[in-house]
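Presented below is the structure to which this report refers.
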Amino acid sequence: MSIISPKNLLKKILKGQKEQKTEEHHNPLGKVATNSDAEAKGWHLYLNTRMLICIFLGFTSGLPLFVLVNLLQAWLRSEHVDIKTIGLFALIHFPYTWKFLWAPLMDRFAINFVGWQPGRRRSWMLLTQLLVMATIAMLGLVSPRYAIWNVAALAVALAFFSASQDVVLDAYRRERLAEHEQGLGAAIYVNAYKVAGLIPGSLSLILADHLPWSTVFIITAVFMLPGIVTTLFINEPTIPGTRPRTLQQAVLLPWREFLTRDGWLGALLILAFIFFYKLGDVMAASLATSFFLDLGFSKTEIGTVAKLVGFWASIAGGLVGGVTLVKLGTARGLWIFGLAQMLSIFGFAWLCKQSPTPIALAFVIGAETFTVGLGTTAFIAYLAQTTDPRYTATQFALFTSLAAIPRTLATASTGYLVDHMGWFNFFLLCAMLALPGMLLLLKIAPWKSLKA
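Residues in the sequence shown are numbered from 1275 upward in steps of one, following the working numbering.
The following block contains the structure:
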């Protein structure tokens, strides 16, 4: 009997662990039994520290985006900036689409503060959160009337810091949650993200009627503190495998792993699925307000129903989707929620043929936002489980950037389509555009291969 040296024995063990991790990762939607699966029972599946962390980090992620979308626009308009200039401010959102370009830096490096080494994820989280808070506060110190370029520069900086924060928060959530928690964690994160919109979209606007804008922006910035405090007290996630040792590895290895995982065809199928899965509902909702106005609904009716029914239906959809995914699994969630998401689009077409009553409006908005909440939860869980834990920041940033492209296409093309087709045919087209994403599930997650 040959004797194996300790060095060779260690190599065999590491090789076996690597093969096991590779096998599990190549089946990201399958259910792999883990210790945390066995320990998580009853209410612990839904109420635990990890979910509480998702609430605070989701809120922190959403706040700067809604500052750019809602508060900035209201500030510029109240300061009598012309509408054309305000329209050009839409260009400041480009960092959200290109964030995967600098994501490798966050996979490779960790920032060490004086006397404190928080780890790779937490160090980037703290840095980006502090920069976001400082930039929001600084916005109110410049004048849109006399220094519009300074405002634009600060807005671009805020978008960059916010997009960078999203990269590391997505990576942290992916690495901190167990596989069976990804759906529920994503739902809680997204819902907290939406709730954050109430600060710059409601509270800050109300305060602006009574306080100087400089004070309003400082108060808004203070709402970043819960996320900062959370970052200071949470633990750094344990990451399997070896992280990139050089910047070159951080750039190349995530792409190499993704492209060689199931070959070029498998990679293209995943990218196509990410692009198409939510294309139909994104296009249908992109001009919803204009559609409701054309039907004869008043601004008050639209605003009231959208705020009351739409907001809470979206929250409910996310929570129901997250809880259901814990038992259902991400793969079956993609099928069931994707079908519901597609069918809800027909509600817009149905509304074209109905009398414009508030009840009909509430039904359509409620059904659409609820099912989109379901679909978004399954979709984000899928994105998380498709990443390799060693390169989470880069791959997750790539996937979410690709998923954001349909929003840009929808904004650019839907007006022309409605002008040529009319509303009814346009919504039928949107429903049909949801089919490619559903058909790709035959390859991404075949229903007959799913285990109960």
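Using N, Cα and C, we set each Cβ at its ideal position, and we do this for glycine too.
Asked, Found
"Under the three-state reduction of DSSP, which class applies to F1383: helix, strand or coil?", "coil"
"Starting from the C-beta of A1590, find all residues in its chain whose C-beta is less than 8 Å away, skip the five residues before and the five after it, and write them out in chain order.", "F1644 and G1647"
"Would you mind reading off the limits of the alpha helix (DSSP H) that contains P1632?", "P1632 to T1660"
"Taking the alpha-carbon positions, what's the R1351 to T1359 distance?", "10 Å"
"Going by DSSP, name the residue or residues bridged to L1390.", "This sequence places Trp at residue 1390; Leu is not what is there. W1390 pairs with F1387."
"Can you have a look at F1507 and say buried or exposed, based on whether 16 or more other CB atoms are within 10 angstroms of its CB?", "exposed"
"Could you compute how far the alpha carbon of V1388 sits from the alpha carbon of R1396?", "15 Å"
"What do you get for A1623, buried or exposed, if any count of 16 or more other CB atoms within 10 angstroms of its CB means buried?", "buried"
"Does the structure place the region 1544–1558 close enough to the region 1692–1706 that three or more beta carbon pairs sit under 8 Å?", "yes"
"Evaluate contact between the region 1409–1419 and the region 1444–1454, counting only Cβ atoms and requiring at least three cross-stretch pairs below 8 Å.", "no"
"Compute the Euclidean distance between the alpha carbons of T1504 and A1524, then round it to the nearest angstrom.", "27 Å"
"Going along the chain, which residues of its own chain have a beta-carbon closer than 7 Å to the beta-carbon of W1721, five neighbours each way excluded?", "W1609"
"Measure the beta-carbon distance from I1548 to L1375 and round it to whole angstroms, keeping in mind my assumption that it falls under 8 Å.", "Rounded, the Cβ-Cβ distance is 18 Å, inconsistent with contact."
"Do the region 1468–1487 and the region 1621–1640 touch if we need at least three Cβ pairs shorter than 8 Å?", "no"
"Skipping 5 residues on each side, what residues in its chain have a beta carbon closer than 7 Å to that of H1299?", "Only weak support exists for where H1299 lies, its pLDDT of 44 falling under 50; the value from the coordinates is given anyway. Result list for H1299: D1662, in chain order."
"Could you check the C-alpha separation between I1329 and H1454 for me, to the nearest Å?", "18 Å"
"Do three or more CB pairs link the region 1420–1435 to the region 1489–1499 at distances below 8 Å?", "no"
"Are the region 1570–1590 and the region 1465–1484 touching by the rule of at least three beta carbon pairs closer than 8 Å?", "yes"
"Please identify the residue among G1540, L1326 and H1367 whose C-alpha is closest to the C-alpha of A1678.", "H1367"
"Helix, strand or coil: which one does DSSP assign to W1721?", "helix"
"Could you name the residues of the same chain whose beta carbon sits closer than 7 Å to that of A1580, not counting the 5 residues immediately before and after it, in chain order?", "I1639"
"With a threshold of 16 other CB atoms inside 10 Å of the CB of S1665, please say whether the residue is buried or exposed.", "A small correction: the amino acid at residue 1665 is Tyr; Ser does not occupy that position in the sequence shown. Classification for Y1665: buried."
"Three-state secondary structure (DSSP) at G1475?", "helix"
"Where in the region 1506–1562 do unbroken runs of the beta strand (DSSP E), each at least 3 residues long, occur, reported from the N-terminal end onward?", "none"
"Roughly how many angstroms separate the alpha carbons of A1655 and Q1669, rounded to a whole number?", "14 Å"
"Closest to L1729 by C-alpha separation, out of L1345, G1475 and L1691, would be which residue?", "A question about residue 1729 goes unanswered here, because the residues of the chain that appear run from 1275 up to 1726."
"With a Cβ-Cβ cutoff of 8 Å, do I1462 and G1596 count as a contact?", "yes"
"Would you call K1573 buried or exposed, if buried means 16 or more other Cβ atoms sit within 10 Å of its Cβ?", "exposed"
"Report the residue from A1411, F1363, T1409 and S1687 whose alpha carbon sits nearest the alpha carbon of W1423.", "F1363"
"Helix or strand or just coil, what does DSSP make of G1607?", "helix"
"Select from F1653, A1658, T1563 and M1616 the residue whose C-alpha is nearest the C-alpha of E1642.", "M1616"
"Distance check for K1627 and N1322, CA to CA, integer angstroms please.", "47 Å"
"A1652 and G1607 - do their beta-carbons sit closer together than 8 Å?", "yes"
"Do F1532 and A1541 have their CB atoms nearer than 8 Å?", "yes"
"Looking at the structure shown, is K1627 part of a helix, part of a strand, or coil, going by DSSP?", "coil"
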